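Engineer: Residue numbers (the numbering used here), protein chains in the order written: chain X, 52 to 375; chain V, 52 to 375; chain Z, 52 to 375; chain H, 52 to 375.
Think of the CB as a built atom: it goes at the ideal place given N, C-alpha and C, for glycine as much as any other residue.
The structure presented is a predicted model; accordingly, all values stated were derived computationally and were not measured.
Here it is, the structure, as structure tokens.
See the structure below:
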């Protein structure tokens with residue numbers, strides 16, 4: 052309903068340069084402002100995670116027209132952890148369609164902490180949503196493939212489409228999670244008990260641990276977010292990573308369930324679809340505009356990167372990106 | 052970043068007429084389509100509510116530029132019930148500012164049913180959010196005013212600004228709720244026990260029961276929604292109903308907590324800030340565009356109007372209004 | 052099935068004297084041993100309770116043949132608080148019979164702390180047992196009487212039969228509990244909501260607060276316990292305090308539900324029907340043998356008198372009184 | 052304190068015969084009375100259990116002086132299931148002493164159903180008690196032995212001491228539980244996660260499934276109960292099955308936690324230490340007097356044998372065996 056006057060291409064170019072400078076300046080300011088913030092603790096539930104240098108700090112914005120803005124340790128590789136969940140959910144939607152997937156997982160937030168005791172919706176025989184561990188394992192367990200290797204390759208392809216380059220796993224993190232992931236193993240057996248998943252539990256868990264141990268940079272997260280912001284097409288490569296019709300599904304659950312029991316606060320203060328991981332990453336999406344990737348490994352007690360949350364708040368304030 | 056060509060005023064006018072016709076046509080179709088849907092039950096926890104003719108069905112859209120589209124029983128008056136909660140939350144924000152209000156109520160969804168047993172966040176000494184009964188009572192209890200009458204008048208003024216006309220209460224519903232609202236009385240005493248509210252419990256409950264028994268039409272709901280869509284200014288009267296800075300607060304909690312334990316499903320399928328009431332009303336907001344008001348008294352087991360949910364899904368599909 | 056030889060009356064008398072001396076010696080030893088134990092805190096949720104001198108310490112044993120053994124502050128009067136609950140439960144059983152009473156309250160332990168959030172068995176529409184606050188209020192609410200005064204007099208008569216003398220209330224504790232008992236008021240309104248109680252909530256709560264503020268000594272507790280140990284007949288007065296058929300009901304719930312979430316530990320270590328009160332009293336019953344009353348106002352975090360628990364453990368060890 | 056006259060051996064013999072006849076008569080009456088009761092359903096969570104003929108019905112009483120009274124299908128072998136738990140708890144106490152065992156398992160009832168979702172006491176890092184599955188697995192996991200076979204042999208020896216004869220496992224039930232025991236596997240992994248158990252989960256689960264699949268008759272249950280009633284000495288063989296000092300521990304937890312969420316009701320109505328199993332068995336102990344074993348495979352919704360509960364109520368009424 053709004054109308055804008057014609058403008059010359061030259062004027063646009065000038066304006067774009069100014070905007071580029073402003074974005075870079077905002078990111079630099081935020082990086083400087085929060086670099087001194089050393090609250091929180093690096094995740095240490097497996098030794099491999101505890102080894103990450105705690106001071107690392109990178110910020111990246113990737114726009115839907117393919118521009119990249121980055122500052123700090125933007126290319127340091129860390130494990131994607133839970134940030135993989137919404138993307139695998141999207142693949143499950145592509146593999147099986149919305150109707151079937153909805154029989155295996157709900158879309159309701161739980162209000163629970165990330166490390167809460169197992170909580171399953173026994174009535175509906177579904178995990179609450181695809182971003183809690185139970186739901187994520189259920190999604191991983193239905194990814195199509197002829198055998199475990201094929202399924203893993205399909206996941207690697209998926210993340211390659213989203214990031215624009217090959218993706219690798221941190222094998223020591225994988226082995227470590229596989230050995231110590233007793234809670235996830237408990238969740239899987241309990242879902243088996245309730246008929247929420249079927250098939251080979253050990254294979255599904257292996258694939259899930261592999262997916263969590265994939266290595267990304269915050270630049271990758273920004274591009275992945277930009278791909279969602281761009282309705283499924285990677286703005287760097289022009290390749291479609293996910294069918295457009297399922298982008299809304301992914302963004303909706305990220306919005307309501309993306310930050311554990313901080314979800315309501317996040318929706319209130321930042322107001323963007325997002326997902327955090329205990330590796331220190333945070334990915335947020337400004338639909339139609341850009342993706343945000345932040346990396347800083349010190350976590351609050353909810354398992355979210357402390358600096359990353361502050362940076363997102365800052366970006367939202369500067370660019371009016373809150374969804375409301 | 053999008054650019055549109057200059058267009059003549061005449062062309063605009065023609066296009067607007069066509070758009071008007073299309074909107075009316077969509078509403079008529081939805082009304083026709085769901086008129087035969089007779090699932091669900093009228094709320095009967097108090098006798099007054101059970102008396103509402105169950106077949107009533109009205110739909111209204113009010114746009115931010117002041118247009119009204121309405122069909123069916125659009126001017127039938129019913130009690131606003133829980134739909135009053137986000138608006139009183141806004142008044143509390145205006146009365147006390149965000150910082151103080153946040154000490155009295157959170158913004159986290161609970162995942163609980165509307166009739167769930169009392170659940171308070173004992174750790175934070177705050178109700179979870181302003182749209183559960185506990186949080187709503189806490190908000191009502193801090194509305195400023197020299198005495199009970201003054202506080203009630205301030206609420207009436209508030210809803211007058213939002214609807215554009217005087218508002219009245221259904222006294223028999225008020226008396227009925229006051230007499231039988233044992234659960235709400237229990238909630239209030241428990242909050243008193245935890246120091247979550249202070250002052251006179253009976254006065255606060257009276258004001259709360261009064262607020263719930265205010266009578267509105269679905270046309271009123273649409274205009275109230277349009278006022279929020281218009282960042283706080285009533286598009287019919289031009290009067291500001293709420294400071295622009297608090298609109299985001301209201302919309303955020305409506306989005307994550309507006310439909311009880313259907314909140315995640317609603318965010319997923321409809322994707323709009325909304326609030327339902329057991330009187331049969333449903334209000335939804337398409338930010339920057341329009342407000343939706345629907346009235347149909349038959350409720351699902353979650354306490355939401357069955358037809359109203361379907362109508363909102365239809366409107367969102369037709370007009371691409373899902374927030375993602 | 053055991054057989055004992057004939058013995059002369061004289062020999063019995065000598066043996067009894069020796070036994071008397073031994074009991075007194077045990078009580079003195081325990082009093083001396085635990086007098087220096089100053090762990091725990093006096094209840095302070097109402098100012099009146101906090102005023103009790105924390106060092107007070109009395110122990111009393113009353114046998115079913117009417118002997119009294121006492122040491123320390125055995126005649127200091129404190130408020131009976133929750134120790135009144137099993138006795139009022141017995142009166143409710145006499146007033147209405149087992150079948151009716153069982154429709155109003157269950158007999159299942161809850162495993163909850165004494166100050167836990169309200170928890171009601173919504174399925175059965177009954178409080179879990181008569182020793183949680185909800186169940187106790189439900190029992191008090193059905194005590195027969197023509198009016199509030201008559202009901203109170205019936206309670207006073209009840210405790211007079213159990214103790215053998217007139218009983219009085221601490222009015223300042225009563226007024227204090229009445230003013231600040233928000234949680235109990237919440238419980239009562241919630242039960243009203245679920246149809247678990249009926250009638251006048253404020254009257255029932257007044258009677259409940261009165262019952263809790265009755266003043267007893269640990270000597271009284273011992274005699275009350277001995278009356279239960281003696282199948283309902285006060286061994287001092289020979290008066291029946293409760294019909295014999297209901298003594299088993301009272302002892303059963305005291306055994307499984309008497310010490311809040313310490314009930315299992317208590318059954319394991321002490322193994323006697325018992326009830327504690329936040330006033331610092333503890334009453335235990337050795338069926339067929341004797342009653343124990345202990346008073347020491349410092350409580351553990353579960354609301355049980357710390358010294359009293361130790362004393363009971365000591366008595367059980369010395370006299371082999373554990374039920375198994 | 053009671054005194055009895057000398058009686059001749061002859062008179063005793065006559066009285067004993069009369070008592071024997073009375074006991075048999077009571078058991079026959081109860082068997083006849085409840086044979087027609089066909090409520091409830093045979094456990095069917097594994098196919099092997101569902102195959103048991105539902106009409107089977109046996110009752111046995113074994114006294115501490117070695118008399119056996121039996122009626123109906125008293126020698127039919129069924130799987131012991133959860134009735135094994137208190138006995139393995141006793142072995143754990145003998146293996147490690149009370150102090151260590153108490154660090155691995157509590158003694159508090161949970162109030163939960165037998166098939167409730169996993170509930171662990173995260174605060175104390177211990178399962179609530181040794182009769183819930185989590186606690187039972189924890190106990191089995193600490194049974195001493197050089198290897199899995201040695202541990203199994205120690206369990207077989209244990210039950211041989213209690214029953215007086217060799218005990219065998221139902222291999223098809225074992226294999227079936229091992230394959231389908233997803234919930235127990237989940238529990239074990241979750242306990243591993245919380246550090247509540249250590250060592251090899253699969254080995255511990257195998258031993259646990261073996262223990263549950265041991266075959267006993269209701270006669271065996273009665274003798275096992277009589278052994279506990281006799282403070283640990285098998286009244287048939289004179290062999291000690293468990294150190295006397297731990298009998299109290301076993302009886303205490305059986306009393307408060309033996310019948311799942313029916314525990315309070317059981318303590319109230321029957322008032323005996325007892326344990327039920329989904330195989331249809333029920334074992335109860337009248338300390339100092341006799342053990343009761345009942346077998347009838349139809350279960351109520353709580354997982355307890357319906358006829359067995361009624362039979363125990365009848366026995367308690369006839370012989371005044373309620374502990375209070």
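Measure from the alpha carbon of residue 148 of chain H to the alpha carbon of each residue in H:112, H:372 and H:294, then state which is nearest.
Structural biologist: H:294
Engineer: Buried or exposed: which applies to residue 250 of chain V, given that a residue is buried once 16 or more other Cβ atoms fall within 10 Å of its Cβ?
Structural biologist: exposed
Engineer: When DSSP labels each residue in this structure, what does residue 380 of chain X get in the three-state scheme?
Structural biologist: Nothing can be reported for residue 380 of chain X: it is not among the residues displayed for chain X, which extend from 52 to 375.
Engineer: Are the C-beta of residue 307 of chain Z and some C-beta of chain H separated by less than 7 Å?
Structural biologist: yes
Engineer: Tell me which residue opens and which closes the beta strand (DSSP E) that residue 326 of chain V is part of.
Structural biologist: 325-327
Engineer: Between residue 148 of chain V and chain X, is any beta-carbon pair separated by less than 7 Å?
Structural biologist: So, not an interface residue.
Engineer: Quick one: is residue 298 of chain Z buried, meaning 16 or more other Cβ sit within 10 Å of its Cβ, or exposed?
Structural biologist: Counting C-beta atoms within 10 angstroms of its own C-beta, residue 298 of chain Z has 16 or more neighbours from the protein chains shown and is therefore classed as buried.
Engineer: Quick check: the Cα distance between residue 115 of chain Z and residue 309 of chain H, rounded to an integer number of angstroms?
Structural biologist: 31 Å
Engineer: Using a Cβ cut-off of 9 Å, which residues of the region 216-242 of chain H contact any Cβ in chain X, in chain order?
Structural biologist: 231, 232, 233, 234, 235, 236, 237, 238, 239, 240, 241 and 242
Engineer: Between residue 244 of chain V and chain Z, is the shortest Cβ-Cβ distance under 7 Å, so that the two count as touching?
Structural biologist: yes
Engineer: For residue 302 of chain V, which residues in chain X fall below 8 Å Cβ to Cβ?
Structural biologist: 375
Engineer: For residue 353 of chain H, would you say it is in contact with chain Z, using Cβ-to-Cβ distances shorter than 7 Å as the test?
Structural biologist: No, its Cβ sits nowhere closer than 7 Å to a Cβ of chain Z.
Engineer: Can you pull the DSSP bridge partners for residue 263 of chain V?
Structural biologist: Answer is none; residue 263 of chain V lacks a bridge partner.
Engineer: Quick check: the Cα distance between residue 347 of chain Z and residue 332 of chain Z, rounded to an integer number of angstroms?
Structural biologist: 7 Å
Engineer: Assign residue 127 of chain Z to buried or exposed, taking buried as 16 or more other Cβ atoms, counted over all protein chains shown, within 10 Å of its Cβ.
Structural biologist: Residue 127 of chain Z comes out buried.
Engineer: Does residue 24 of chain X get closer than 7 Å to chain V when you measure Cβ to Cβ?
Structural biologist: Since the displayed chain X opens at 52 and closes at 375, residue 24 of chain X lies outside it and no answer follows.
Engineer: According to DSSP, which residues form a beta bridge with residue 269 of chain H?
Structural biologist: None, per the DSSP bridge assignment.
Engineer: Quick check: residue 121 of chain X and residue 212 of chain X, are their CB atoms within less than 7 Å of each other?
Structural biologist: Using a Cβ distance threshold of 7 Å, residue 121 of chain X and residue 212 of chain X do not count as a contacting pair.
Engineer: With a threshold of 6 Å, establish whether the CB of residue 75 of chain H neighbours any heavy atom of the ligand PLP.
Structural biologist: For the ligand PLP, the structure offers nothing, since it holds no ligand at all.
Engineer: Restricting to Cα atoms, I'd like to know which of X:281, X:210, X:246 and X:218 is closest to residue 192 of chain X.
Structural biologist: X:246
Engineer: In angstroms, rounded to a whole number, what distance separates the CA positions of residue 235 of chain H and residue 171 of chain H?
Structural biologist: 13 Å
Engineer: Between residue 301 of chain V and residue 141 of chain V, which are expected to be in contact by the criterion C-beta below 8 Å, what is the C-beta distance as a whole number of angstroms?
Structural biologist: A Cβ-Cβ distance of about 5 Å is found for the pair residue 301 of chain V and residue 141 of chain V, placing them in contact under the 8 Å criterion.
Engineer: Looking at the C-beta of residue 315 of chain H, does it have a partner C-beta in chain Z at a distance below 7 Å?
Structural biologist: yes
Engineer: Give me the DSSP bridge partner(s) of residue 308 of chain X.
Structural biologist: BP columns for residue 308 of chain X are empty, so no partner.
Engineer: Quick check on residue 359 of chain V: does DSSP put it in helix, strand or coil?
Structural biologist: helix
Engineer: Can you list, in chain order, the residues of the region 356-370 of chain Z whose Cβ is nearer than 9 Å to any Cβ on chain H?
Structural biologist: none
Engineer: Cutting at 7 Å between CB atoms, please list the residues of its own chain near residue 313 of chain Z, excluding the five before and the five after it.
Structural biologist: Answer for residue 313 of chain Z: 353 and 355, listed in chain order.
Engineer: First and last residue of the beta strand (DSSP E) that includes residue 334 of chain H?
Structural biologist: 332-337
Engineer: Can you look up residue 208 of chain H in the DSSP assignment and give me helix, strand or coil?
Structural biologist: helix
Engineer: Taking C-beta to C-beta, are residue 375 of chain H and residue 303 of chain Z nearer than 7 Å?
Structural biologist: yes
Engineer: Between Z:336, Z:224 and Z:242, which lies nearest to residue 261 of chain Z when the distance is taken from Cα to Cα?
Structural biologist: Z:224
Engineer: Buried or exposed for residue 341 of chain X, going by 16 or more other Cβ atoms inside 10 Å?
Structural biologist: buried
Engineer: Could you give the uninterrupted runs of the alpha helix (DSSP H) lying entirely in the region 106-186 of chain V, keeping only those of 4 residues or more?
Structural biologist: 136-155
Engineer: From residue 131 of chain X to residue 155 of chain X, what distance separates their C-alpha atoms?
Structural biologist: 24 Å
Engineer: Can you check DSSP and say which residues form a bridge with residue 276 of chain H?
Structural biologist: None; residue 276 of chain H has no bridge partner.
Engineer: Is it the case that the Cβ atoms of residue 10 of chain V and residue 74 of chain V are separated by a distance below 7 Å?
Structural biologist: In the structure as shown, chain V starts at 52 and stops at 375, and residue 10 of chain V therefore has no counterpart that could be examined.
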